[in-house]
Each structure stands twice: as structure tokens, then as C-alpha cells.
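Okay, so here's the structure we're looking at.
2 protein chains.
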Amino acid sequence: MLTPKLLIADDHILFNEGVRQLLSEKYEVVGQVYDGKDVLSAIHLKKTDVILLDINLPSINGFDLAKEIKRAFDTVKIIFLSMYTEPRFIEQSKFLEVNGYLLKNSTKEELIEGIESVLRGETYYDTKLQFTKISLHHNDFFVKQYSLTPREIEIVRMIKDGMSTSQIAEKLFLGQETVKTHRKNIYYKLSITKSTELIKFAIENNI
Amino acid sequence: MLTPKLLIADDHILFNEGVRQLLSEKYEVVGQVYDGKDVLSAIHLKKTDVILLDINLPSINGFDLAKEIKRAFDTVKIIFLSMYTEPRFIEQSKFLEVNGYLLKNSTKEELIEGIESVLRGETYYDTKLQFTKISLHHNDFFVKQYSLTPREIEIVRMIKDGMSTSQIAEKLFLGQETVKTHRKNIYYKLSITKSTELIKFAIENNI
DNA sequence: TGTACAATCCCCCAAAAGGGGTATTTTTTG
DNA sequence: CAAAAAATACCCCTTTTGGGGGATTGTACA
């Protein structure tokens, strides 16, 4: 096989550059991008075997990109390279049938092992993540997160900004009961029971 | 001048290694550590001119380390290399009289510029951070954060974990009123008024 | 055209959080 | 040891949340 062609997508320039340096002995790095919106065109421009994709990218996040890539370039292997170990990220990756998931605190060797596995057609999830089984309702998170309506997301943001039910009601020209209902529906959808959990959810999901 | 000696402290192995590769043409990298508790011994072991220090390190955070380093090795220049742009981090860095503060999404050139400035004895804060003036009460945050007592920090963590006052009381074998008092004192110290704000504080400060 | 969904509003009630105090007992520390 | 700080506990009262219902009005979509 020819030298496999890599694309690196990470907005942290130093990290991106560092990974390139580490992998350029063994692979051909055909591109480095720093923004989600540049990923698809980069793949289009240069034939790519594997993309190392950060989840937290500007403009478009890694999950949305993975969907797009699978749709438009179905031969490109996708490996998430992320600092997050949150189960729901792993679950969502599996749901999206992404080829691999590596952690940013891996060693060079682990990184290469992951890439090699994926090139052989296997899927490779970082060994530190084994605890995350493919749950039977692996798309719970997915459904949960994205079934929040626009109004609900708006209210989540306001709660995150520290506003109380009455303040939100006032600002949105709504009755308090309406806002309460929204809160209840949000909690139900996210399977949580209190505002503190909502804040964590909101921060973790960049809402 | 001889080749300046660098120490890199960052728990993300790939990043750490990447930075080493990038800088090893120009500097001598005398050490790479991945855990806060290994930093002081590493400096002790190898003469170090500049340490690139992540704030978010295991065991001991960058701020505490900076204090220790200044106390024990006052000739070592300290540069924080962090992804955080939060004003209070910058303020605290200035308060600690750290020599530089660089962002992880810098380019190689910016990194070198920062290191060179610091080596010349200047202080260098990433240009993307100019908006952060040294505030008159620059130690407000500092005082706030660190005037939390151990018990209070313990309770902050439990609140962050979603526990209610009564659950905390039960777990700590305390009366609810005691926990309420702690909560009140915490809120007072942090100038906040509700648990949602506490969650944000806790997450942002890795408590 | 009808049904699913979003958005709005209402009732009731319990639990929790928030805000104002005060006070006692340990622990730490100069 | 004496003073300061931390940890503990209580009272009173208000506001906010949380949980259980149910209901109406649009609007989108198939």
C-alpha cells in the first residue's frame, strides 16, 4: 500500500502542527485545517484516506462534519481525536459509525495503532473507553439532545445565564406557568431533575 | 547565549510531544512532564530556563505550581500555555507575576516570539488577550477562590455532583442547617446568589 | 384534512433554596 | 495561651423549583 494520506482537523494550531510532525514520518499529511467549515473542501481537494477530526471545532462541530463526510466521501475513514471521555460522546460516535475514537492524551504509539487499525478496516476506540458499552438505546442521548425545540433551547440558555423562571417569563413576554412547563419538558427530555444538572448539560454540550 | 533550556508540562501527551518537536530545532527541551506533581522534581533535575506550563494539570494545577516554582527556583521563567482566555485566568497570572501567557491555538511563530520575549526579561501576554487590563482589584478572584475553606470546597463539589442540601447533610453526618450555612457562606464569598451560578463557577475552576 | 407537535397557560402541592440573623464548639495558628 | 478561623447548629420567613395533572391555540406536514 502507498503511504496512507492523512488530514488533520483541529483548531489548536500547536496541537495540529504537533500531530503532523509526529505522524509525518509514517504518513503523508495532505492537509491541516483549523476550522470546521474548511474540512469538506480540504477532503475534496486532496485525496484523503483518514481524517483525524476534533469534535470541538469552530463553525461546524465534529459530529455534524462526520455525518457530512460519510455522506459525501464514503471511503474516508474518520477518527475522532478528542479530549472528551464522556460516554455520550462515545455513544454518539458509535451511532454515527465513526471508524475510531482516540484521546488527545494518547501517546504517539497509541495514535499510530489506532490509525493502523482503522486502515485495516477495523473500528478502533481508545482502550481507556472500554467501559462505554454500546448501549441498547445508544441513540437516547442523540434523540434527547436534538429533540429540544428552539424555544426550549432558548430557555436552557437563559437558565444557564442565571435567570430565574420569572425573569425568563418577563423577558420573553410569557406567563411564568409557560416557562415552568418548558422547564418541566426540558427536564423530562434530558432525564434530569434539577437546574444544576441542566447547567452541566448546557456547558458540556455548548448550548 | 547557549541554547535556552525548555521544560514542557502538559498532560496531553500528543500536544506535549508536538510542542517538543516544534521547538526542538531552536531550543533544548530538557524535560517533558505530564503531571503537576512531577514538575518541581523535573526542574530540580535539569537546569531549566523556561517552563511552558499548562494550567489544567493532574495532581497540582498550574497556578499552585507557579507559586511553588517562583519560591523554589526564582530564575526560572514561567509561561502559561493554556486554552483558556478567561479574564480571571489572565488576572491571576498577572497577580502571580508569571512571565508569560500563551494560548494553545497559537502558531509556532507566536510561541517562539513569546519565549524569546520572556528570555529577554520581558513579560509576554498573548496579543489576543490585550482586552484584559490589570484590574484595580485584580486579586478579587484570587481571594474569592482561595478563601473557600476545605469544607466549603467539599460541599461545592457535592452540589456540583447534583446533591441537595439534605443529601449532603446526610452524607457528611451534619444537620441540614449546617450545610445551609456553608452554602450561604460560599455564595457570599463568590458573590453569587444561586446554585446554577455555583455550578458554572465550579466547572470553570475545575473544582 | 386531520394529527402530531410546538407553544402557550392554568391548578395544586411539596420540597428546596435563598436571605437575614445569632450562637456554640473545635481547630488552627501567631 | 489568646485570638482568629472553621465548623457546627438553630430561628424565621420568602421565593423558587420541582412534580402531578390538564387544556387551548396554532401550524406544519403528510
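Top to bottom, those sequences are chains A and B. Those letters in the first sequence? Residues 866 to 1072, per the working numbering, in order. Those letters in the second sequence? Residues 866 to 1072, per the working numbering, in order. Glycine included, C-beta positions come from ideal geometry on N, C-alpha and C.
{"Query": "Serine 982 of chain A to tyrosine 966 of chain A span [Cα, whole Å]", "Result": "11 Å"}
{"Query": "Top-ranked residue by Cα proximity to lysine 1025 of chain B, from B:Leu1013, B:Leu888, B:Glu1062", "Result": "B:Glu1062"}
{"Query": "Interface positions of the segment 869-883 of chain A facing chain B (Cβ-Cβ less than 7 Å), listed along the chain", "Result": "Asp876, His877, Ile878, Leu879, Phe880, Glu882, Gly883"}
{"Query": "Within the segment 904-946 of chain A, ranges of the beta strand (DSSP E) (whole runs, at least 3 residues)", "Result": "915-918"}
{"Query": "Local Cβ density within 10 Å of aspartate 919 of chain B, reported as buried at 16 or more and exposed below that", "Result": "buried"}
{"Query": "Inter-residue CB distance, aspartate 903 of chain A and aspartate 876 of chain A (contact presumed, cutoff 8 Å)", "Result": "Wrong, their Cβ atoms sit about 10 Å apart, outside the cutoff."}
{"Query": "Three-way DSSP call (helix, strand, coil) for glycine 1027 of chain B in this model", "Result": "coil"}
{"Query": "Listed by chain order, chain A residues near glutamate 976 of chain B by CB distance under 8 Å", "Result": "A small fix is needed here, since residue 976 of chain B is leucine in this sequence, not glutamate. Within chain A, the residues near leucine 976 of chain B are Leu879."}
{"Query": "Length of the line joining the Cα atoms of proline 1015 of chain B and leucine 930 of chain B", "Result": "19 Å"}
{"Query": "Supposed close pair isoleucine 1068 of chain A, histidine 1047 of chain A - CB separation, criterion 8 Å", "Result": "About 19 Å separates the two Cβ atoms, so there is no contact after all."}
{"Query": "CB of valine 941 of chain A within 8 Å of CB of isoleucine 916 of chain A, strictly", "Result": "yes"}
{"Query": "Beta carbon proximity, lysine 1009 of chain B to chain A, threshold 8 Å", "Result": "Residue placement at lysine 1009 of chain B is flagged as unreliable, the pLDDT there being 42, under the threshold of 50; the coordinate-derived value follows with that caveat. Lysine 1009 of chain B does not count as touching chain A."}
{"Query": "C-alpha distance - alanine 937 of chain B paired with isoleucine 925 of chain B, whole-angstrom precision", "Result": "16 Å"}
{"Query": "7 Å Cβ shell around leucine 1060 of chain B - same chain, five flanking residues per side excluded", "Result": "A small correction: the amino acid at residue 1060 of chain B is serine; leucine does not occupy that position in the sequence shown. Ile1024."}
{"Query": "Rounded straight-line distance, which links the Cα of isoleucine 955 of chain B to that of methionine 1028 of chain A", "Result": "27 Å"}
{"Query": "Phenylalanine 928 of chain A vs leucine 961 of chain A beta-carbon contact at 8 Å", "Result": "yes"}
{"Query": "Collapsed DSSP secondary structure at tyrosine 1052 of chain A in the structure displayed", "Result": "helix"}
{"Query": "Cutoff 8 Å: threonine 992 of chain A Cβ touching any chain B Cβ", "Result": "no"}
{"Query": "Leucine 922 of chain A beta carbon less than 8 Å from that of alanine 874 of chain A", "Result": "yes"}
{"Query": "Neighbour flag for isoleucine 1064 of chain A against chain B, beta carbons, 8 Å", "Result": "yes"}
{"Query": "Nearest residue (CA-CA) to glycine 986 of chain B, options B:Tyr949, B:Thr972, B:Ile1018, B:Asp914", "Result": "B:Asp914"}
{"Query": "Contacts around lysine 932 of chain B, its chain only, beta-carbon distance under 7 Å, and the 5 residues preceding and following it disregarded", "Result": "Leu961"}
{"Query": "Within-8 Å CB hit, asparagine 1050 of chain B to chain A", "Result": "no"}
{"Query": "Burial state of leucine 867 of chain B, where buried means 16 or more other Cβ atoms lie within 10 Å", "Result": "exposed"}
{"Query": "Contacting residues, own chain, Cβ-Cβ under 8 Å from leucine 1040 of chain A (five flanking each side not counted)", "Result": "This sequence places glycine at residue 1040 of chain A; leucine is not what is there. Ala1034."}
{"Query": "For glutamine 957 of chain A, the nearest candidate out of A:Ile908, A:Tyr990, A:Ile1018, A:Glu1042 (CA to CA)", "Result": "A:Tyr990"}
{"Query": "Chain A within 8 Å of serine 1060 of chain B, Cβ atoms only", "Result": "yes"}
{"Query": "Members of the segment 1013-1028 of chain A that neighbour chain B once the beta carbon cut-off is set at 8 Å", "Result": "Ile1024, Lys1025, Gly1027"}
{"Query": "Minimum Cβ-Cβ distance from serine 924 of chain B to chain A less than 8 Å", "Result": "no"}
{"Query": "Distance, lysine 1065 of chain B Cα to leucine 872 of chain B Cα", "Result": "32 Å"}
{"Query": "Of the listed residues A:Leu879, A:Leu984, A:Lys870, nearest to leucine 968 of chain B (C-alpha basis)", "Result": "A:Leu879"}
{"Query": "Residues in the segment 952-976 of chain A having any Cβ partner in chain B nearer than 8 Å", "Result": "Lys969, Asn970, Ser971, Thr972, Lys973, Leu976"}
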